[in-house]
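Numbering (full-length UniProt numbering), first residue to last: 1 to 138.
Heads up, the beta-carbon is just placed ideally off N, CA and C, and yes, glycines get one too.
All figures in this text were calculated on a predicted structure; none of them were measured in a lab.
Working notes, structure below.
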Amino acid sequence: MSKEATRDLIERYFAAFNDHSIEGMLACLHEDVAHDVNQGERRIGLASFKEFSIHMERSYREQLSDMVIMVSEDGNRAAAEFTVRGEYLATDEGLPPADGQTYSLPAGTFFEIDDGKISRVTTYYNLKDWIAQVENAE
C-alpha cells in the first residue's frame, strides 16, 4: 500500500472515531485485527473490537485533536500522536467512580496495514495521568 493510501486509511479511521461511528472504524479494519488496549490484553478480530468500542462509547465521550500521522515509506506501518479530550460518563470496572469528569491527555497509536486494511491497533496513554485528572476533577 502506498504512503498516501495508508495515510488516507488512518485519517478515515480517526474521523470515524471522532464521529462516534463504530461501523466506520470497523470498515477500516482487517477481519483478524489485533487490538492492543492500553495496559490491557490483546483482542483479536472485528467482533472483539466492536464489543470493546461499544463499552468505550458507554463509559466515555472522547474527541481526538492535534493529530500528527506518520507513515513508513512502504506504507505498511503508521503511527499517530494526538490529544484525547473526553468526559467520563459511566464507571469503568477497577477505575474511579464516574461523574462526568473531563480530561485531556496525550496519547499515541501504532498501526500495521495488511491487504489495504488496518491489521493492528496499539494505543498508549498515561493511565496514572488520567486517573489523577478524574479523581481531582471539580
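Legend entry - beta strand (DSSP E) runs wholly inside the UniProt domain "SnoaL-like" (10-120), at least 3 long, in chain order: DSSP runs (the beta strand (DSSP E)) wholly in the UniProt domain "SnoaL-like" (10-120): 29-36, 42-44, 60-71, 77-88, 102-114.
Inset, instruction - Note down, in chain order, each residue of its chain lying with its Cβ closer than 6 Å to the Cβ of residue 123, except the 5 sequence neighbours on either side. - result: 38, 109
Inset, instruction - Output the distance between the C-alpha atoms of residue 120 and residue 25, rounded to the nearest integer angstrom. - result: 13 Å
Inset, instruction - Would you decide whether residue 40 is buried or exposed? Buried here means 16 or more other CB atoms lie within 10 Å of its CB. - result: Exposed, since its Cβ has fewer than 16 Cβ neighbours within 10 Å.
Inset, instruction - Measuring alpha carbon to alpha carbon, tell me which of 94, 65, 78 ends up nearest residue 117. - result: 78
Inset, instruction - Could you pull out every residue in the same chain whose Cβ sits closer than 7 Å to the Cβ of residue 129, ignoring the five residues on either side in sequence? - result: 105
Legend entry - residue 80 beta carbon less than 8 Å from that of residue 10: For residue 10 and residue 80, yes; Cβs fall inside 8 Å.
Legend entry - First through last residue of the alpha helix (DSSP H) which encompasses residue 132: 127-135
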